[in-house]
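2 protein chains.
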Amino acid sequence: MEFIEAKNKYIQTWGALGSQWGINKTMAQIHALLMISTEPMSIEEIMDELQISRGNASMNIRALIDWGIVFKESKSGERKEFFTAEKDLDKLAITIAKERSKREIKPALRILQEVSNIEINNSKNQKQFKEQTEKLYDFVLKTDNIIEKMTQYKENWLSKLIVKIIK
Amino acid sequence: MEFIEAKNKYIQTWGALGSQWGINKTMAQIHALLMISTEPMSIEEIMDELQISRGNASMNIRALIDWGIVFKESKSGERKEFFTAEKDLDKLAITIAKERSKREIKPALRILQEVSNIEINNSKNQKQFKEQTEKLYDFVLKTDNIIEKMTQYKENWLSKLIVKIIK
DNA sequence: TTAAAGTTTCAGAAATAATTGAAACTTTAT
DNA sequence: ATAAAGTTTCAATTATTTCTGAAACTTTAA
């Protein structure tokens, strides 16, 4: 396989995986591209490599910066802005996990708590509802707590986790 | 809050969370509905509760069955088919994790391995490509291994995991 | 101050994904 | 054997998400 072919395959794969997990394709592809770039890239270079429009590139770069996994960089002497990606995968995963917790899990938790706290009569249906939503709340809360704990390790948490699980 | 209102809110929330994580909204909603149902439900009841078409209900129920988190049930005396959901959240999470590993992570791994194994010249770019895709492969593989390990606990793995992480 | 270069925004277009509904198919009971 | 009831399928429609590209805005340097 050619380098170019491998590179394209890698970017496509990462983009597809992104969409399957709720991250938009272009966003994932831009990140993938920056991950394997040795130098910070300009918006033009990104547009060119991925064959996407300026608007699309700009919006998704901004989103990646909001997520905290891509950084602006100013090359001295150049007026243009350049971008680099977080390349440390442990850090990357933690940042994504934290953000998704904040944006998606925490709001869902709030609602689960709210609905599981309703006053019920003693009908079978309402009892079951309360019981299941309480369980769901507990479960999601535990999951979120795990994410929080992971976050504290920072260095090599994945390897540490494996060791802990195995023993 | 009314029971009906709480129920709708719960179903909407679960559906939204589903879409954010790559599971289609209706699929997540049907599962949410079955989770709080005390009795197996027929396709008509599901259509009626969620206000969706027969085709949509049927396709998504079938998908849930394929995933292994909803089961067909035949009530004795009734010809119609009824459906129940896996209500144990530990089992549910494990089943979903296993399926997603099989459907999405494993194929991605194959490609990462493939592209990280290309012959490279000694240009900076190609070296960086190989290095990063190898790291990515290792990382995704480790993640997948964790999922596999989890799977083996079955009972109360989430609680067990928390204990292990904390100490 | 101004105009060229660089950057961002956003309404409309395009692509993708989900849903409908009616037709085809299957099962059951007579 | 047949027709009513139940179930599944899938082409066409609808909804949602993403992307484009041109216009507006900002920065820089002469």
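Same order as they appear, the protein sequences are chains A and B.
Okay, so the first sequence: first residue is 1 according to the working numbering, each after it adds one.
Okay, so the second sequence: first residue is 1001 according to the working numbering, each after it adds one.
Backbone N, C-alpha and C fix where the C-beta goes; we use that ideal spot for every residue, glycine too.
In chain order, Gly1018, Asn1060, Ala1063, Leu1064 place their CB closer than 8 Å to the CB of Met1027 (chain B), counting only its own chain and leaving out the 5 sequence neighbours on each side. For Glu1039 (chain B), there is no enclosing alpha helix (DSSP H), as DSSP marks it with neither H nor E.
In this structure Leu109 (chain A) touches Leu141 (chain A) by the C-beta definition: roughly 6 Å separates them, less than 8 Å. Taking all protein chains shown into account, Thr38 (chain A) has fewer than 16 neighbouring C-beta atoms within 10 Å of its C-beta and is therefore exposed. Here Met1001 (chain B) is exposed. Its C-beta has fewer than 16 other C-beta atoms within 10 Å. Counting along the chain, the unbroken alpha helix (DSSP H) around Lys91 (chain A) starts and ends at 89 to 100. Contacts with chain A (Cβ-Cβ distance below 7 Å) from the stretch 1009 to 1032 of chain B involve Lys1009, Tyr1010, Thr1013, Leu1017, Gln1020, Trp1021, Gly1022, listed in chain order. For Leu1050 (chain B), the closest Cβ of chain A is not nearer than 9 Å. The shortest C-alpha to C-alpha distance from Ile147 (chain A) to any of A:Leu136, A:Lys135, A:Leu161 is the one to A:Leu161. Excluding its 5 nearest sequence neighbours in each direction, Glu81 (chain A) has C-beta neighbours in its own chain below 6 Å: Lys72, listed in chain order. With contacts defined as CB atoms closer than 9 Å, Tyr10 (chain A) and Thr1133 (chain B) qualify as a contacting pair. For Val1070 (chain B), not one C-beta of chain A is nearer than 9 Å to its own C-beta.
A straight-line Cα-Cα distance of about 37 Å links Lys25 (chain A) and Glu1045 (chain B).
The three-state secondary structure of Glu49 (chain A), taken from DSSP, is helix. Here DSSP, grouped into helix, strand and coil, assigns Glu73 (chain A) to strand.
Gln1051 (chain B) and Ile1069 (chain B) have their C-alpha atoms spaced approximately 22 Å apart.
Residues of chain B with a Cβ closer than 7 Å to the Cβ of Asn125 (chain A) are, in chain order, Thr1038. For Ile94 (chain A), the nearest beta carbon of chain B is not closer than 9 Å to its own beta carbon.
Per the coordinates, the alpha-carbon of Asn117 (chain A) lies some 12 Å from the alpha-carbon of Glu1005 (chain B). Looking only at B:Ser1123, B:Lys1130, B:Trp1157, B:Leu1158, the smallest Cα-Cα distance to Val1115 (chain B) is reached by B:Lys1130.
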